[in-house]
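Trainee: Numbering of the sequence shown is given in this note's numbering, commencing with residue 10 and proceeding in unit increments. All residues carry an ideal CB built from backbone N, CA and C; glycine is no exception. Everything numeric in this text was worked out from a predicted model, so none of it was measured.
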Amino acid sequence: MSEVTCSLTIVGLGYVGLPLAQGACLGGLRVVGLDTDSSVVSGLSNGVSHIDDIDSVDLAAMAEAGFLATNDSSCIRGSDVVVICVPTPLDDNGAPDLSAVEAAAWTVSEHLQSGSLVVLESTTYPGTTEDIVRPILEEGSGLVAGTDFCLSYSPERIDPGNAEWGLRNTPKVVGGLTPACTERATWFYTQIVDTVVPTVGLREAEFAKLLENTYRHVNIALVNEMAVFCHELGIDLWDAIEAAKTKPFGYEAFYPGPGVGGHCIPIDPNYLSWLVRSVGYRFRFVELAEEISDRMPAYVAKRVQDTLNTARKPVNGSVILLLGVTYKANVRDQRETPARPLAALLWEMGADVRFFDPFVDVFIVDGEKKMTGESNLSEAVATADLVVLLQAHDEILKSDVFRNAGHVLDTRGVLTGANVERL
Ligand SMILES: NC(=O)c1ccc[n+]([C@@H]2O[C@H](COP(=O)([O-])OP(=O)(O)OC[C@H]3O[C@@H](n4cnc5c(N)ncnc54)[C@H](O)[C@@H]3O)[C@@H](O)[C@H]2O)c1
10 MSEVTCSLTI
20 VGLGYVGLPL
30 AQGACLGGLR
40 VVGLDTDSSV
50 VSGLSNGVSH
60 IDDIDSVDLA
70 AMAEAGFLAT
80 NDSSCIRGSD
90 VVVICVPTPL
100 DDNGAPDLSA
110 VEAAAWTVSE
120 HLQSGSLVVL
130 ESTTYPGTTE
140 DIVRPILEEG
150 SGLVAGTDFC
160 LSYSPERIDP
170 GNAEWGLRNT
180 PKVVGGLTPA
190 CTERATWFYT
200 QIVDTVVPTV
210 GLREAEFAKL
220 LENTYRHVNI
230 ALVNEMAVFC
240 HELGIDLWDA
250 IEAAKTKPFG
260 YEAFYPGPGV
270 GGHCIPIDPN
280 YLSWLVRSVG
290 YRFRFVELAE
300 EISDRMPAYV
310 AKRVQDTLNT
320 ARKPVNGSVI
330 LLLGVTYKAN
340 VRDQRETPAR
350 PLAALLWEMG
360 ADVRFFDPFV
370 DVFIVDGEKK
380 MTGESNLSEA
390 VATADLVVLL
400 QAHDEILKSD
410 VFRNAGHVLD
420 TRGVLTGANV
430 ERL
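(1) Determine the direct distance from the alpha carbon of Ala-253 to that of His-416, and round the result to whole angstroms.
(2) Can you give me the C-alpha to C-alpha distance between Arg-166 and Lys-322, rounded to a whole angstrom?
(3) Could you tell me which residues DSSP pairs with Cys-159 in its beta bridges?
(4) Would the beta-carbon of Glu-165 be found less than 8 Å away from any heavy atom of ligand 1?
(5) Could you pull the start and end residues of the beta strand (DSSP E) that Lys-379 belongs to?
(6) Could you give the distance in angstroms between the alpha-carbon of Asp-375 and the alpha-carbon of Gln-343?
(7) In angstroms, rounded to a whole number, what distance separates the CA positions of Glu-12 and Arg-193?
(8) For Glu-105, is the beta carbon positioned less than 8 Å from some heavy atom of ligand 1?
(9) Beta-carbon within less than 8 Å of Asn-413's beta-carbon, same chain only, minus the 5 sequence neighbours each way: which residues are those?
(10) Using the C-alpha atoms, what's the distance from Asn-339 back to Val-369?
(11) With a threshold of 8 Å on Cβ separation, who are the neighbours of Arg-212 within its own chain once the five nearest residues in sequence on each side are excluded?
(12) Just checking Glu-130 against ligand 2 - is the residue's beta carbon closer than 8 Å to any of the ligand's heavy atoms?
(13) Among Ile-250, Leu-29, Ala-401 and Leu-121, whose alpha-carbon lies nearest the alpha-carbon of Glu-148?
(14) Quick check: Val-423 and Leu-395, are their CB atoms within less than 9 Å of each other?
(15) Specify, as a first and last residue, the run of the alpha helix (DSSP H) that Glu-388 falls within.
(16) Would you list, in sequence order, the uninterrupted alpha helix (DSSP H) runs of no fewer than 4 residues that lie entirely inside the region 161 to 204?
(17) Taking 7 Å as the limit between beta carbons, can you name the residues of its chain near Leu-29, skipping five residues before and five after?
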């Protein structure tokens, strides 16, 4: 099989699947994207992207390379490779919800052909590919994994909004059910990324992703906890971090903030702690990190109260402007954003909460409470009793509006000035 004739079906065209489709198109593969959400399919078919890092120019280039988005699963038939990139959220009890992975595996199984490679990319606990996906694929297709078709796992490391590290230059970890499955997946990804890193098996590839995210989760919580007592001790934690990170070895900088958000950090470590509980242990580092970072929105609300108090103003009735309500800078993704619990708390305290975010027009705080974004940043800043910088979007930072603000609470440690107080 030559590289240019490899045909690929990607199941799930979200933050992970769509950039992969783009990378595969650039790598010369014939790519079809399968998604159950008809609005995603029709949007992409009409050149409209729902993902930050892919725009209509990218979609046009992909269409030129033959990319097709569809909700017709028969596209799987005849694919050399099928990659599953569907969501892996938590259920109402905080346990892994693999329903999308299972549904996708059943869909793939109905059309799976001998000689294909199936890769799971969704973040999940070790054992999922072998114990959940494999039996579904085998039962639905009547084929045997490792013999009739190859089965592998490859964690996605995409960092939305990161201009330096993209799909091609970020090393890709792959693990297979058998050494031949690993080899086949390595061959496949070599067409799309510069460096492929094979693991000894599926579980190691699955664990690598959770190790990376748990490491971030714990270290962010560490600095979040430090931010609380550094404030009381009169220490500028950001300045201390800048000093510490000049050490060329043994230290990696993490930064405090108003809480953690997105699809990875607040969710993925729970997949691991759920698995750890199944063998009789508690994953205390993860539980502690979660407890600390979950408290940050309430801590920011308290700091809002303290800052206003110093200015002899009550929270009740004060205009509080939240700048940036997405979960990270320069993206429009609002999943698990800490702005949501913070806005709800300030609302309950009687504040007149407003927001500005170049990526968000309407911010849904909860089912009933919807906020429409301010359209004029300068005016919104000038009329607020307190401005709270939650996300350091480039567009907000370059606007230079903070000089006209009364008081600013900077939860990102990026602003300076007599009217600025850092978290
Ligand atoms: N977003 C990130 O930055 C990121 C980074 C690394 C890993 N991940 C992991 O990748 C996986 C996907 O995340 P995402 O952010 O791309 O999710 P997403 O919600 O952006 O996209 C998932 C897509 O899958 C589609 N889908 C759901 N069930 C389907 C099915 N049965 N068949 C076909 N399509 C289906 C949805 O309609 C949606 O368009 C998750 O496991 C996530 O943890 C995400």
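Mentor: Concretely, from the data shown:
(1) In the sequence shown, residue 416 corresponds to position 407, counting from 1. In the sequence shown, residue 253 corresponds to position 244, counting from 1. Each residue's Cα considered, the two are about 29 Å apart.
(2) Residue 166 sits at position 157 when you count from the first residue of the sequence shown. Residue 322 sits at position 313 when you count from the first residue of the sequence shown. Between Arg-166 and Lys-322, the C-alpha separation is close to 45 Å.
(3) Start at 1 with the first residue of the sequence shown, and residue 159 comes out as number 150. Its beta-bridge partners are Leu-126.
(4) If you number the sequence shown from 1, residue 165 lands on position 156. Yes.
(5) Here residue 379 corresponds to residue number 370 of the sequence shown, with the count starting at 1. Taken as a continuous stretch (DSSP letters only), the beta strand (DSSP E) holding Lys-379 covers 379 to 381.
(6) Sequence index remark: in the sequence shown, residue 375 carries index 366 (1-based). Sequence index remark: in the sequence shown, residue 343 carries index 334 (1-based). So the alpha carbons of these two residues sit roughly 12 Å apart.
(7) Taking the sequence shown and counting its residues from 1, one reaches residue 12 at position 3. Taking the sequence shown and counting its residues from 1, one reaches residue 193 at position 184. The predicted position of Glu-12 is uncertain, since its pLDDT is 42 and thus under 50; a value taken from the coordinates is nonetheless stated next. Rounded to the nearest angstrom, the two C-alpha atoms are 12 Å apart.
(8) Taking the sequence shown and counting its residues from 1, one reaches residue 105 at position 96. The sequence shown places Pro at residue 105, rather than the Glu named in the question. Pro-105: no, Cβ never under 8 Å from ligand 1.
(9) Working through the sequence shown from its first residue, we reach residue 413 at position 404. Contacts found: Ser-387, Val-390 and Ala-391.
(10) Residue numbering aside, residue 369 sits at position 360 when the sequence shown is read from its first letter. Residue numbering aside, residue 339 sits at position 330 when the sequence shown is read from its first letter. If I take the Cα positions, the gap works out to 11 Å.
(11) Start at 1 with the first residue of the sequence shown, and residue 212 comes out as number 203. Pro-135, Gly-136, Glu-139 and Gly-184.
(12) What this structure holds is ligand 1, not ligand 2.
(13) As a working mapping, residue 148 is identified with position 139 in the sequence shown. Nearest of Ile-250, Leu-29, Ala-401 and Leu-121 to Glu-148, Cα basis: Leu-121.
(14) Working through the sequence shown from its first residue, we reach residue 423 at position 414. Working through the sequence shown from its first residue, we reach residue 395 at position 386. Going by C-beta atoms, Val-423 is not nearer than 9 Å to Leu-395.
(15) By 1-based counting over the sequence shown, the position of residue 388 is 379. Here the alpha helix (DSSP H) through Glu-388 covers 386 to 392.
(16) 188 to 199
(17) The residue given as residue 29 occupies position 20 in the sequence shown. Cβ neighbours of Leu-29 beyond the five flanking positions: Ile-19, Val-92, Cys-94 and Leu-176.
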